[in-house]
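Engineer: Before anything else, here's the structure in question.
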Amino acid sequence: MLRTTGLTKTFEGGVEAVKGVDISVEAGEIVGFLGPNGAGKTTTMRMLTTLLRPTSGTATVAGHDLLGDPREVRRRIGYVSQGGGVNVMAPLADELELQGMLYGLTRAAARSRYREVLARLDLAGLEERVGGALSGGQRRRFDIAFALLHDPRLLFLDEPTTGLDPQSRANLWEHVRSLREEHGVTIFLTTHYLDEADALCDRLLIIDGGRIAAEGTPAELKAGRTLDEAFLDITGRSLREEAGV
Amino acid sequence: MLRDTWVLFRHSLRATLKQKLGIVFGAVQPLLFLVLFGPIFATFGTWEVLVPGLIVQLGLMSMGLAGFGVVFDRRFGVLERLRVTPASRLALLLGRVLNNAVTMVVQTVMLLAVGFAFGMRVPIAGLVAGFVLVVVLGASLAAMSYAVALTIGEQLFAPVMSTAVIPLVLLSGAFLPMSMAPGWLDVLSRLSPFRYVLEALRDLFAGHYATGTVGLGVAVTAVLAVVGLAVGARVFNRETA
Chain V
1 MLRTTGLTKT FEGGVEAVKG VDISVEAGEI VGFLGPNGAG KTTTMRMLTT LLRPTSGTAT
61 VAGHDLLGDP REVRRRIGYV SQGGGVNVMA PLADELELQG MLYGLTRAAA RSRYREVLAR
121 LDLAGLEERV GGALSGGQRR RFDIAFALLH DPRLLFLDEP TTGLDPQSRA NLWEHVRSLR
181 EEHGVTIFLT THYLDEADAL CDRLLIIDGG RIAAEGTPAE LKAGRTLDEA FLDITGRSLR
241 EEAGV
Chain Y
1001 MLRDTWVLFR HSLRATLKQK LGIVFGAVQP LLFLVLFGPI FATFGTWEVL VPGLIVQLGL
1061 MSMGLAGFGV VFDRRFGVLE RLRVTPASRL ALLLGRVLNN AVTMVVQTVM LLAVGFAFGM
1121 RVPIAGLVAG FVLVVVLGAS LAAMSYAVAL TIGEQLFAPV MSTAVIPLVL LSGAFLPMSM
1181 APGWLDVLSR LSPFRYVLEA LRDLFAGHYA TGTVGLGVAV TAVLAVVGLA VGARVFNRET
1241 A
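If you're matching them up, the sequences are chains V and Y in order.
Take 1 as the starting number for the first sequence in my numbering and just add one per residue.
Take 1001 as the starting number for the second sequence in my numbering and just add one per residue.
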């Protein structure tokens, strides 16, 4: 579903954010992408979602070449950015309709499709509001709804639960799980919460300093330690301090 | 790409029409000049000279600030969300610019209507030709405005643009024809593309169609359109926008 070889990104000014990353995600997996702030998580995510052009390396995303065929990649992936993409001033229904139509749906199809997705995420009826009238948890689920309108096979979630209260987090985890269980969506997510990684992910990749530092199931990585200890051993930095937890 | 442009145009038009007052407010400044300054100008000049100037002022102010819309879309992540859809990034620009062109049409009609009420008289062919010129100018300015907004960022955009617009309006000769200016100011104003567009517009409103001034104004407008869309498209395509 996702395969990269030697992916790098050097920004203008010479900052090497990503120094050669090999990632492989199979269909139906939920894979967590962990790392301290500045390790290259979001840069990698933005490359995989066609927002940033890699400096070197190759990637196949959802069956298409990332560099050669970004438009076909965009048709097949969903992306929820760290900050989300809900317009706080516009009615959500209008925005959802636009989003669906940009994936080639007719107006009628876009409407019936977003109703279906909203129902799945327990958001039915809220689309008449403007984005600013939503709670944090609702807004995050709307972010996900936008990313699901075209029924993508692969979903990228950048820090999906940062800033949410514990109930909203648990609720969002349920939705993420059901996306995989009931709809077969492959999920690649970044997180700062190790309990989230532990509870949600089949497999974890830990990136540090622009390179993959470790890879395995949560149990393999823990090897008798807590996941926090494992993470600190691997990256040598305190994730919790940086996440402000 | 045409379909994406159309879909995005309809969407932004719907949002604009929800804020009808916004369209009116965008035209308030030139309307004030027309009502509170026009009668003085008319004692020595003509409405057919003043109104084209105020239309150019309208274009610079209203379309020059069009980029403000995209500032919020970027801040809320809407732009990035749209950039991950298969919609072409040129369509993301063109859909907005078409919507701005509609606003420009409505505002220009308002200005012309008040001008007519004061006694301006323009031959229909000149009016139509002038209208086309003005809408193309407005669309080019809107496209450039988006490019500026996405380049200099939201903190600087409003102060920079609202300041930049003033010398551009003055140097175009919007309020008083540049033929009245001293030599150095006349030379300076020749560096502004808007002077040529405005002089062409005045010729068209006066019923002079096949003049060198009109030809030059049309050529300058065409160049502005090409440059505006090229720069706008480049910025919308840029990675970090």
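For glycine and all other residues, C-beta sits at the position ideal for the given N, C-alpha and C.
Predicted model, so just to flag it, every value in this text is computed and none were measured.
Could you tell me which residues DSSP puts in a beta bridge with P91(V)?
Structural biologist: Answer is V130(V).
Engineer: Taking the alpha-carbon of R1075(Y) as reference, which of P1193(Y), E1154(Y), L1168(Y), T1221(Y) has the nearest alpha-carbon?
Structural biologist: Checking every option, the nearest Cα to that of R1075(Y) belongs to E1154(Y).
Engineer: Note down the Cα distance separating R1121(Y) from L1137(Y), rounded to an integer number of angstroms.
Structural biologist: Cα to Cα, the separation comes out at about 23 Å.
Engineer: Which residue marks the beginning of the beta strand (DSSP E) containing G32(V), and which one marks its end?
Structural biologist: Start and end: 30–34.
Engineer: Please list, in chain order, all residues of the same chain as F33(V) whose beta carbon is under 6 Å from its beta carbon, the five residues on each side excluded.
Structural biologist: Around F33(V): K41, T190, L205.
Engineer: Expressed to the nearest angstrom, what Euclidean distance is found between the alpha-carbon atoms of M101(V) and R107(V)?
Structural biologist: Distance between the alpha carbons of M101(V) and R107(V): 6 Å.
Engineer: How many Å lie between F1009(Y) and R1096(Y) at the Cα?
Structural biologist: About 6 Å.
Engineer: State the CB to CB distance for the pair L149(V) and V117(V), rounded to an integer number of angstroms; the pair is presumed to be in contact (CB under 8 Å).
Structural biologist: With 8 Å as the limit, L149(V) and V117(V) qualify as a contact, their Cβ atoms being about 6 Å apart.
Engineer: State the Cα-Cα distance for the pair T1016(Y) and N1099(Y), rounded to the nearest angstrom.
Structural biologist: Their Cα atoms are separated by approximately 8 Å.
Engineer: If I'm right that S1145(Y) touches G1067(Y) with Cβ under 8 Å, what's the distance once you round it to whole angstroms?
Structural biologist: That belief holds up - the Cβ atoms of S1145(Y) and G1067(Y) are roughly 4 Å apart, short of 8 Å.
Engineer: Using the three-state DSSP reduction, which class does F1194(Y) fall into: helix, strand or coil?
Structural biologist: If DSSP states are grouped into helix, strand and coil, F1194(Y) belongs with the helices.
Engineer: As an exercise, report each continuous beta strand (DSSP E) stretch of at least 3 residues that is fully enclosed by the segment 126–177 of chain V, in chain order.
Structural biologist: Counting whole runs of 3 or more residues, the segment 126–177 of chain V contains the beta strand (DSSP E) stretches 154–158.
Engineer: Taking 7 Å as the limit between beta carbons, can you name the residues of its chain near E128(V), skipping five residues before and five after?
Structural biologist: P91, A93, listed in sequence order.
Engineer: Could you pull out every residue in the same chain whose Cβ sits closer than 6 Å to the Cβ of V1051(Y), ignoring the five residues on either side in sequence?
Structural biologist: Taken in chain order, the residues that qualify are G1115, M1120.
Engineer: For a test of the three-state rule: what should DSSP assign to A1147(Y), helix, strand or coil?
Structural biologist: Here A1147(Y) sits in helix by DSSP.
Engineer: When the cut-off is 7 Å and only beta carbons count, does G1077(Y) lie next to chain V?
Structural biologist: So yes, G1077(Y) belongs to the interface.
Engineer: Quick one: Cα of T162(V) to Cα of E196(V), how far?
Structural biologist: One C-alpha to the other measures close to 10 Å.
Engineer: Excluding sequence positions up to five away, which residues of its chain have a Cβ less than 8 Å from the Cβ of G136(V)?
Structural biologist: Hits under 8 Å: G163, L164, D165, S168.
Engineer: Report the residues of the segment 1054–1081 of chain Y with a CB closer than 9 Å to any CB of chain V, ordered along the chain.
Structural biologist: Here the close residues are F1072, D1073, R1075, F1076, G1077, V1078, L1079, E1080, R1081.
Engineer: Give the DSSP bridge partners of T58(V), in chain order.
Structural biologist: T5(V), per the DSSP bridge assignment.
Engineer: Would you kindly report the start and end of the unbroken beta strand (DSSP E) that includes Y103(V)?
Structural biologist: That residue, Y103(V), is in no beta strand (DSSP E); it is neither H nor E in DSSP.
Engineer: I believe L1111(Y) touches A1027(Y) by the beta-carbon criterion, under 8 Å. Please report the beta-carbon distance rounded to the nearest angstrom.
Structural biologist: Yes, L1111(Y) and A1027(Y) are in contact; Cβ-Cβ is about 6 Å, under 8 Å.
Engineer: First and last residue of the beta strand (DSSP E) that includes A214(V)?
Structural biologist: That run of the beta strand (DSSP E) goes 211–216.
Engineer: For A1087(Y), count the other beta carbons within 10 Å of its own beta carbon; 16 or more makes it buried, fewer makes it exposed. Which is it?
Structural biologist: Label assigned to A1087(Y): buried.
Engineer: So with CB distances below 8 Å, who are the chain V contacts of T1151(Y)?
Structural biologist: Result: empty, since nearest Cβ-Cβ is about 14 Å, beyond 8 Å.
Engineer: Please go through the same chain and pick out, in chain order, the residues whose beta-carbon is closer than 7 Å to the beta-carbon of E1199(Y), but skip the five residues on each side of it.
Structural biologist: Closer than 7 Å at the Cβ level, and outside the excluded window around E1199(Y), lie T1213, G1217.
Engineer: Quick one, which of T58(V), A219(V), G63(V), L172(V) has its alpha-carbon nearest T5(V)'s?
Structural biologist: Measuring from the Cα of T5(V), the nearest candidate turns out to be T58(V).
Engineer: Checking contacts by CB at 7 Å: is A1241(Y) closer than that to chain V?
Structural biologist: Confidence at A1241(Y) is low in this model, with a pLDDT of 43, below 50, so the placement of that residue is unreliable and no value is reported for it.
Engineer: Taking 8 Å as the limit between beta carbons, can you name the residues of its chain near A124(V), skipping five residues before and five after?
Structural biologist: Counting only Cβ-Cβ distances below 8 Å, and skipping sequence neighbours, we find R115, L118.
Engineer: Checking the sheet assignment: what are the DSSP bridge partners for T186(V)?
Structural biologist: T186(V) pairs with L154(V).
Engineer: Does any CB atom of chain V fall closer than 7 Å to the CB of V1084(Y)?
Structural biologist: Output row for V1084(Y): interface = yes.
Engineer: For L1185(Y), name the three-state secondary structure that DSSP assigns.
Structural biologist: Of the three classes helix, strand and coil, the one that applies to L1185(Y) here is helix, per DSSP.
Engineer: I'd like to know whether the C-beta of H1011(Y) is nearer than 7 Å to at least one C-beta of chain V.
Structural biologist: Judged by the 7 Å Cβ criterion, H1011(Y) is in contact with chain V.
Engineer: Measure the alpha-carbon distance for L172(V) versus G131(V) and round it to whole angstroms.
Structural biologist: When rounded, the distance between both Cα atoms is 18 Å.
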